[in-house]
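S.K.: First the structure, then my questions, so here it is.
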Amino acid sequence: MLFVIIFFGMFFGLIIFVFTLIASKKKGKFYLAPIVTFLTCLGVTAYGLIKVGGFEGMAYGILGAGILIIAVIGTVVLPFIVNKIGDKQWNKKDKGILVIAPVILFATIGLVLYTDDNYWVVDEGFTSSENQSFESYYKVSTISEGKKQIHINLGKAFTGKEVEVENVDTIGSTEITLEIVDGGESNHIPYIQIGVDQIVEPLKVQTTEGEVIDSYN
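If you're matching positions, the sequence shown starts at 1 in UniProt numbering and goes up one per residue.
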């Protein structure tokens with residue numbers, strides 16, 4: 001996993017380096033390529049340490065290390081590249097790179113974000129409706145490595161239902177959306193425990209029907 005993250009960092013760093021190198025061709029300021037790549041490394045690492053933190057924040061640091069490798073290599077080979085560039089005007093190949101490079105970069109980032117599970121179901125089941133309150137609520141607790149667990153108990157109005165996770169949005173404040181479906185046990189109410197790497201307040205828990213579930217006080 002470590003080498004995979006470093007590889008992705010090098011891949012991102014290479015795209016940034018090449019894009020900046022071509023973009024700076026007209027002005028002849030080729031030194032911007034390794035500088036921008038290095039600044040990207042600092043930005044990614046700082047974001048992981050300050051904004052994300054914890055184990056996931058370390059992954060950003062490793063990603064930044066991969067970008068740093070490209071910045072260092074780019075600095076070393078830059079004089080040899082500049083000598084072979086010649087004409088400072090953009091040709092068709094340069095224009096193609098300036099269009100395709102950002103597309104590849106953002107498409108890859110989007111694919112990683114789309115396929116990455118930002119939550120997991122710790123436990124789910126049913127409790128007797130006789131021992132349950134009328135109102136739905138959730139509780140937050142800390143589990144291993146500082147990760148968070150949200151325990152959601154539904155109220156008696158959901159007797160005989162099942163609960164599924166529809167979506168967990170971690171961009172900005174954390175938002176959990178649950179889907180309530182038929183098929184549960186009669187006289188029993190569903191509950192679910194969801195694990196997330198971190199919670200960004202204000203946390204919002206709701207159903208697909210728009211019913212907001214409040215925190216247990």
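Ideal Cβ placement from N, Cα and C applies to all residues, glycine included.
Would you please state the rounded distance, in angstroms, between the beta carbons of F126 and E185? I believe it to be under 8 Å.
M.R.: Within the sequence shown, the letter at position 126 stands for residue 126. Within the sequence shown, the letter at position 185 stands for residue 185. Confirmed, about 5 Å.
S.K.: I'd like the list of long-range same chain contacts for V205, defined as Cβ closer than 6 Å, with 5 residues on each side in sequence excluded.
M.R.: Position 205 of the sequence shown, counting from 1, holds the residue named residue 205. Only Y138, I176 and I213 meet the Cβ criterion.
S.K.: Which partner residues does I192 have in the DSSP bridge list?
M.R.: Counting from 1 along the sequence shown, the entry for residue 192 is found at position 192. For I192, which the question treats as bridged, DSSP gives the partners E124 and I152.
S.K.: Residues in its own chain within less than 7 Å of A101 by CB, not counting five upstream and five downstream?
M.R.: In the sequence shown, the residue the question calls residue 101 occupies position 101. The residues are I15, V18 and F19.
S.K.: Let's test the definition: count the other Cβ atoms within 10 Å of the Cβ of G28 and tell me whether it reaches 16, buried, or not, exposed.
M.R.: Start at 1 with the first residue of the sequence shown, and residue 28 comes out as number 28. Exposed.
S.K.: Alpha carbons only, please: which of T208, V140 and L178 is nearest the one belonging to E201?
M.R.: Your numbering for residue 201 matches position 201 in the sequence shown. Selected option, being the one with the closest Cα: V140.
S.K.: Measuring straight from C-alpha to C-alpha, what distance separates A67 and F80?
M.R.: Numbered from its first residue, the sequence shown carries residue 67 at position 67. Numbered from its first residue, the sequence shown carries residue 80 at position 80. Residue 67 is actually Ile in this sequence, not Ala. If you take the alpha carbons of I67 and F80, they lie about 20 Å apart.
S.K.: Mapping DSSP to helix, strand and coil, what is N167?
M.R.: For the purposes of this step, residue 167 is identified with residue 167 of the sequence shown, where counting begins at 1. Strand at N167.
S.K.: Starting from the Cα of G210, find the closest Cα among I180, H188, S173 and I194 and give me that residue.
M.R.: Taking the sequence shown and counting its residues from 1, one reaches residue 210 at position 210. G210 has its Cα closest to that of I180, out of I180, H188, S173 and I194.
S.K.: I192 and K156: beta carbons closer than 8 Å?
M.R.: Position 192 of the sequence shown holds residue 192. Position 156 of the sequence shown holds residue 156. For I192 and K156, no; Cβs fall outside 8 Å.
S.K.: Rounded to the nearest angstrom, how far is the Cβ of T37 from that of G96, given a contact under 8 Å?
M.R.: Here residue 37 is taken as the residue at index 37 of the sequence shown, counted from 1. Here residue 96 is taken as the residue at index 96 of the sequence shown, counted from 1. Contact flag wrong, Cβ pair sits at about 21 Å.
S.K.: Using a Cβ cut-off of 8 Å (strictly closer), state whether K148 contacts chain C.
M.R.: Considering every chain present, this structure includes no chain C. It has just one protein chain.
S.K.: So what's L178 in DSSP terms, helix, strand or just coil?
M.R.: Walking along the sequence shown from the start, residue 178 turns up at place 178. Strand at L178.
S.K.: Run the CB neighbour count on L178, radius 10 Å, all protein chains shown included, and call it buried at 16 or more, exposed below.
M.R.: In the sequence shown, counting from the first residue as 1, residue 178 sits at position 178. Answer is buried; the Cβ neighbour count reaches 16.
S.K.: Where L63 and I22 are concerned, what is the direct C-alpha to C-alpha distance, given to the nearest angstrom?
M.R.: Translated into positions along the sequence shown, residue 63 becomes position 63. Translated into positions along the sequence shown, residue 22 becomes position 22. Each residue's alpha carbon lies about 24 Å from the other.
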